[in-house]
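What follows is a set of notes on a single structure, which appears directly below.
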Amino acid sequence: MKSLLLTFGSLALTAGVVANAYMQNKQFYPSVVYITKSSPSMAVLYVQAFVCVILMGKLMRKIFFGQLRAAEMEHLIERSWYAVTETCLAFTVFRDDFSPRFVALFTLLLFLKCFHWLAEDRIDYMERSPIISWLFHIRALSLLAFLACSDVFFINHAYYHTLIKGASVQLVFGFEYAILLMVLLHIFVKYVLHTVDVQNENPWENKAIYLLYTELLLGFIKVVLYMLFLAIMVKVHTFPLFAIRPMYLTMRVFKKALNDVVMSRRAIRNMNTLYPDATPEELSASDVCIICREEMVSSCKKLPCNHIFHKSCLRSWFQRQQSCPTCRMDIIHSPRPQSPQAAQPAAPAAPPQQPPVPPFPAAAFPGFPAAFPGAAWPPQHPPASSSASVASSTSTTTTSFSTSASTSDTANNPFMPGMMPPMPFMPPFMMPPMSFGMSPPPVPPADFSGLTDEELRAMEGEERENLEARVQCLRNIHTLLDAAMLQIQQYTTVVSRMGGLDTASTSTVWSAERPTASAMSSKSSNIATSNSSDPMMAAPNPVDTSNKPDDSEVLEGAVGYTVPTETVLPSGESGAAQQDSEDSSELGEIRRRRLEKFSNKMQEQAKTDNNGGTPD
Amino acid sequence: MAGSALKRLMAEYKQLTLNPPEGIVAGPVDEENFFEWEALITGPEETCFEGGVFAAKLTFPSDYPLSPPKMKFTCDIFHPNIYSDGRVCISILHAPGDDPMGYESSAERWSPVQSVEKILLSVVSMLAEPNDESAANVDAAKTWRDNRARFNEIAHQTVRKSLGL
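Residue numbers (this note's numbering), protein chains in the order written: chain A, 1 to 616; chain B, 1001 to 1165.
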């Protein structure tokens, strides 16, 4: 109603002005001169021109869009305000050549911009609408063609104008239209992708990836254009304040696109390498993919938590979140296959003649499983343990404390018979021996079968047999430590051998190397605990000095053996067992760091192997 | 085929029409646009909202179900977990990562497993048991905590209002 009033008002005013001029001059040419000379008449004519532009816009909207949706209208108004503000800012830069023609050009730019925005919204709507009519396609295509023609025309015009007459405001128009052309290109690519998707009966998995890369590429071009524009403007005129907001927005969009691409690539890589395809039985067992609520027929992936999803659904979810949609298990931070079934399909290219390598090569020591139970390897070992802070490693140490205590208990530890978990699980897949031809590690004395209360009591005294019992106990610990060291060395040989194999087996190296690290840390803590258990033994007989050095001798022998390269050995003269345990805990610390370094190296190697091997 | 968001919304709409949960009606405002839904929620029985019928609008993002929809009551409702402009503040409507109140664990956030039905059921249980520890409407939370009789009175008014009485 208001716009109608405005339209007719301005029409009437224009008619009045023209009639008045004609009445006064009676001829065409003098009346034109009269109108151009009189400011009020010109003002009326400008208003009329503005109204005409709006009417033109409405007509074009009717032709190309029909009715605008509420959201589109909202967008348009919001963006228009920003654009008007920026245009006003631009006027301040070019105030010298301010003229009606100049205003007209800016108005035209704004006018075309509006149609670009509307086109963008409309094409985005394609994805949401269940029915796309032919009219929609005709309208979209003709609009895109029209906008492309006008953009190219104006870029051309600006280019030649700048060439002939030097830098002027046409520079701004040239860049603005170039940016608009990029926007248009983006819209067109989206339109093509949506159209192909709509024509296709099956969901098109790679569409999202194409969209992502288009956005990245065009975002990059836009950022470059803005940079160029900024540089030229600073050189020729002044700092273009009016271009800062769109430039910032463009950069943000580009950064987001870049981030999305990185996340998406990571998600794809994780899915291709870490998670197995769901088997047909699993597919038939589960009905719909929880993400898209569609039947799962093919190309589905199983996560370590046994939940199954479409590959494409999972990919787009992992782009945002690295967790299982159903149980929220953290995928990135516990992605290691926890069973051999998970490990083997991850490396399908493994040569068949190669014997399947158990994920835990600890199984290579058949005579030894009881001494270092599988309990020492937490089933969900954090992958970051190698680079982890002291806090996490101390936590692993504390967790393995009980297990290592149980270790020595099964053999000989008399001190805490109550708190031993009796080795609750010994996974069956740890049993098969490995065919790497290693010498079996020393077996602890067979006749030493756990400690009873009598034996415990036997060590609580100051008689010769009591001391002997204690020494015997320490010797057994020594033996166990020797065995542990041997085991570590064998691990390293296993790992280095496997590292030499082709890339297909690197994932197994990964899984193999991990338990090694954890086992090592448990070993070192094992040593620490066995040493720290020493003061408890020493406590009952603080007066006994004659045999004391014996004790510590044995102890240090153990420590010294487990780390043959260790140079910071205690010199052996520390009489107090307390001191000893402190030293050995320090040693344990050093050892732990070395092991961490070692496992880091191994990880890196595994990673580089992986990267080199999998084309991505 | 159309976009996956659209397909999922259509599937959910079909599911909701075939097996409507008790006390909840929901569907797209317009068959042309499945990304704007209207929902009617009846106040849970034996609460101060009993008998009321509350209208709400759900707005879905184009990447639904990867991002959560937004929900806004279009009628007046005085509740600790509903902003005075009608926006609903419950944890399953928040994407993991953004945490307006800083207390929600990611386990109760949005994930594609959730659905319109689950959202609406959560809202019903939220109506029955307000969570005054994370108040969106501080006045309402205060009244709920300190002056329950007054809260019930206001709730009854909104119920009457929602029925057009």
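Just so it is clear, CB atoms sit at the ideal spot from N, CA and C, and this is done for glycine as well.
All figures in this text were calculated on a predicted structure; none of them were measured in a lab.
- Under a criterion of Cβ atoms nearer than 8 angstroms, no residue of chain B is adjacent to P240 of chain A; the nearest Cβ is some 33 angstroms distant.
- Under the three-state reduction of DSSP, F1034 of chain B is assigned to strand.
- In the DSSP assignment, A1039 of chain B is bridged to B:A1026, B:A1056.
- Excluding five sequence positions before and after R1087 of chain B, the CB atoms of its chain that fall closer than 6 angstroms to its own CB belong to K1072, given in chain order.
- The continuous stretches of beta strand (DSSP E) do not include F94 of chain A, and DSSP gives it neither H nor E.
- C-alpha of M498 of chain A to C-alpha of P304 of chain A: approximately 24 angstroms in a straight line.
- Within 10 angstroms of the beta-carbon of D96 of chain A lie fewer than 16 other beta-carbons, which makes it exposed.
- Looking at the DSSP output, V288 of chain A bridges to A:E295.
- Identification of chain B residues near C300 of chain A by a Cβ-Cβ cut-off of 7 angstroms yields none; the smallest Cβ-Cβ distance measures about 15 angstroms.
- With a threshold of 9 angstroms between beta carbons, M1126 of chain B makes no contact with chain A.
- A Cβ-Cβ contact shorter than 9 angstroms links V261 of chain A with L216 of chain A.
- Scanning its chain for C-beta atoms nearer than 7 angstroms, with the 5 sequence neighbours on each side dropped, one finds around Q170 of chain A the residues A158, H161, T162, in chain order.
- Per DSSP, the continuous beta strand (DSSP E) segment holding K302 of chain A begins and ends at 300–302.
- Spanning the alpha carbons of L6 of chain A and V51 of chain A requires a straight line of approximately 8 angstroms.
- Not a single C-beta of chain A is nearer than 9 angstroms to the C-beta of D1085 of chain B.
- Proximity of S323 of chain A to chain B, defined by a Cβ-Cβ separation below 9 angstroms, is satisfied.
- Straight across, the Cα-Cα distance linking K1070 of chain B with F1060 of chain B is about 6 angstroms.
- The beta carbons of F136 of chain A and V53 of chain A sit about 26 angstroms from each other, so the pair does not count as a contact at 8 angstroms.
- Taking a beta-carbon distance threshold of 9 angstroms, C313 of chain A counts as an interface residue toward chain B.
- DSSP places I232 of chain A in the uninterrupted alpha helix (DSSP H) bounded by 207–236.
- Proximity to N1137 of chain B across B:L1121, B:I1119, B:I1090, B:D1063 peaks at B:I1090, based on C-alpha coordinates.
- Comparing C-alpha distances from S1004 of chain B to each of A:W317, A:L13, A:N466 shows the shortest one belongs to A:W317.
- S323 of chain A places its beta carbon less than 9 angstroms from that of S1111 of chain B.
- It is roughly 38 angstroms from the alpha-carbon of L1016 of chain B to the alpha-carbon of L258 of chain A.
- The three-state secondary structure of I308 of chain A, taken from DSSP, is strand.
- Closer than 9 angstroms at the C-beta level to chain A, one finds these residues of the region 1013–1034 of chain B: Q1015, E1031, E1032, N1033, F1034.
- Neighbourhood of C292 of chain A in chain B, by CB distance below 7 angstroms: S1004, K1007, R1008, in chain order.
- Of the residues A:M227, A:V236, A:I232, A:P100, the one whose Cα lies closest to the Cα of M247 of chain A is A:M227.
- Among the CB atoms of chain B, none fall inside 9 angstroms of the CB of S142 of chain A.
- Within the region 117–137 of chain A, D124, Y125, M126, E127, R128, S129, P130, I131, I132 place their CB atoms closer than 9 angstroms to a CB of chain B, listed in sequence order.
- Around V1113 of chain B, the beta-carbon contacts reaching into chain A at under 7 angstroms are I290, P325, T326.
- Listed in chain order, the positions of the region 1064–1091 of chain B with a beta carbon within less than 9 angstroms of a beta carbon of chain A are P1065, L1066, S1067.
- Put simply, the region 79–99 of chain A touches the region 230–247 of chain A. At least three CB pairs are less than 8 angstroms apart.
- In the structure shown, V1113 of chain B falls within a coil segment according to DSSP collapsed to helix, strand and coil.
- Per the Cβ contact rule, the region 118–129 of chain A is in contact with the region 140–147 of chain A (3 or more Cβ pairs under 8 angstroms).
- Under the Cβ criterion of 9 angstroms, S1134 of chain B is not counted among the residues facing chain A.
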